[in-house]
Amino acid sequence: MRIERVMSRDDHDTRDEKPATAVAPGTPIRQVPIAWEALEDAFENNAPEVHSYLHLETGEVIRIVDGIADPQMHQRVMNDTTYLRVEPVSSREQYRWMERFIATVEESEFRDKLVQAIDGKGAFRRFKDVLMSYPVDRERWFAFRSERLRACMEGWLQAHAIEAVQRQQWRVPTADEVRPAAEESDKPARRNRAAIAEAHRRRLHELADQLPARELDAAVAFLEFLRERKHLPRPKAKGEGTVEAGADTTASSETSLDLASEPPPRGPNGANDERADEPQA
């Protein structure tokens, strides 16, 4: 059975494929803050149209896909010495990982399903489909594969004289940390506002010199109005205005009642003015 051949393999040869290139002896070690998750994705994706590059200063990984990315941009990245092409793990090596994982499965029925799944074309997809029904072993496989990927990545970094260092964790800065930069950036704006105000003052002087004498009184009155407007009382709230309006209405009503209670004025003959409006015979 195939399972016997799988279980007879040495589970410690996780680095069957050595890095294709290596730096010369004595090359200084370069410290790079590796983005491990992005690098792991790059090592796992061995599609021929996908090309991944590690930035040797930031530790970020960029992915370029043929047919989508600009070919000239891809060429610039290839010629840039700050980028290092990532060599993904081959399908052959990843297939061996599946075989080694199957050797760790204890349940015979489940193990047989996995053996059948990896036989023939489409082995990777069928292998994952079988694991979907076994959540515990599925998590075991993820941990198993991550460990293998990490071993390959560390070997690749070592071959290129790269030492992975801890990445700086981003956090929301405090107010004290950003205050100096904010105040510094606000200075040009304040200077601009002062310059604009000074330009307006000069323009006002120019206009005043051009006004005819008869218009100066109106101009001065308007400017004094603008100056005094900021000292005017604040407009009252809506509720306050409603109460006052009601009070005024009451006062007006009382005045109307007082006027209505007074007798109408008499005409020259002692008769009321109402009769003076009557048509004459």
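Just so you know, we're using the numbering used here here: the sequence shown kicks off at 386 and counts up by one.
Note that the Cβ used here is the ideal one computed from N, Cα and C, for glycine as well.
Using only CA atoms, which one of the options lies nearest to residue i?
i           : options            : result
residue 475 : 441, 433, 585, 598 : 433
residue 467 : 454, 444, 590      : 444
residue 529 : 470, 489, 589      : 489
residue 553 : 545, 421, 413      : 421
residue 470 : 435, 562, 560      : 435
residue 521 : 532, 492, 431      : 492
residue 532 : 431, 594, 611, 485 : 485
residue 412 : 497, 545, 446      : 545
Rounded to a whole number of angstroms, what is the C-alpha to C-alpha distance between residue i and residue j?
i           : j           : result
residue 499 : residue 487 : 7 Å
residue 480 : residue 462 : 31 Å
residue 472 : residue 442 : 18 Å
residue 366 : residue 578 : Because the chain spans 386 through 666 in this model, residue 366 falls outside it and cannot be assessed.
residue 477 : residue 556 : 41 Å
residue 602 : residue 613 : 16 Å
residue 515 : residue 543 : 36 Å
residue 629 : residue 609 : Residue placement at residue 629 cannot be trusted, given a pLDDT of 47 that sits under 50; the coordinates are not used to answer.
residue 540 : residue 534 : 10 Å
residue 640 : residue 583 : Residue placement at residue 640 is poorly supported in this model, since its pLDDT is 45, which falls under 50; the coordinates still yield a value, given next. Taking the straight line joining both Cα atoms gives about 55 Å.
residue 605 : residue 571 : 35 Å
residue 505 : residue 426 : 25 Å
residue 507 : residue 437 : 24 Å
residue 599 : residue 573 : 41 Å
residue 495 : residue 536 : 27 Å
residue 457 : residue 464 : 11 Å
residue 510 : residue 564 : 54 Å
residue 607 : residue 597 : 16 Å
residue 453 : residue 424 : 21 Å
residue 569 : residue 575 : 10 Å
residue 503 : residue 451 : 29 Å
residue 590 : residue 611 : 16 Å
residue 497 : residue 430 : 27 Å
residue 455 : residue 446 : 17 Å
residue 558 : residue 567 : 12 Å
residue 561 : residue 580 : 29 Å
residue 593 : residue 587 : 10 Å
residue 501 : residue 523 : 17 Å
residue 525 : residue 519 : 10 Å
Using DSSP bridges, identify the partner residues of residue i.
i           : result
residue 503 : DSSP, once it has assigned bridges, lists no residue as partnering residue 503.
residue 468 : 440
residue 462 : Residue 462 is not bridged to any residue.
residue 448 : 437
residue 427 : DSSP output for residue 427 lists no bridge partner at all.
residue 547 : 415
For residue i versus residue j, is the C-beta spacing smaller than 7 Å?
i           : j           : result
residue 483 : residue 512 : yes
residue 428 : residue 517 : no
residue 449 : residue 440 : no
I'd like to know if residue i contacts chain C, where contact means its C-beta is closer than 7 Å to some C-beta of that chain.
i           : result
residue 506 : Structure shown: chain C not included; a single protein chain is present.
Should the region 540 to 551 be regarded as contacting the region 408 to 424, the criterion being three or more beta carbon pairs within less than 8 Å?
The region 540 to 551 makes contact with the region 408 to 424; the number of CB pairs closer than 8 Å reaches 3 or more.
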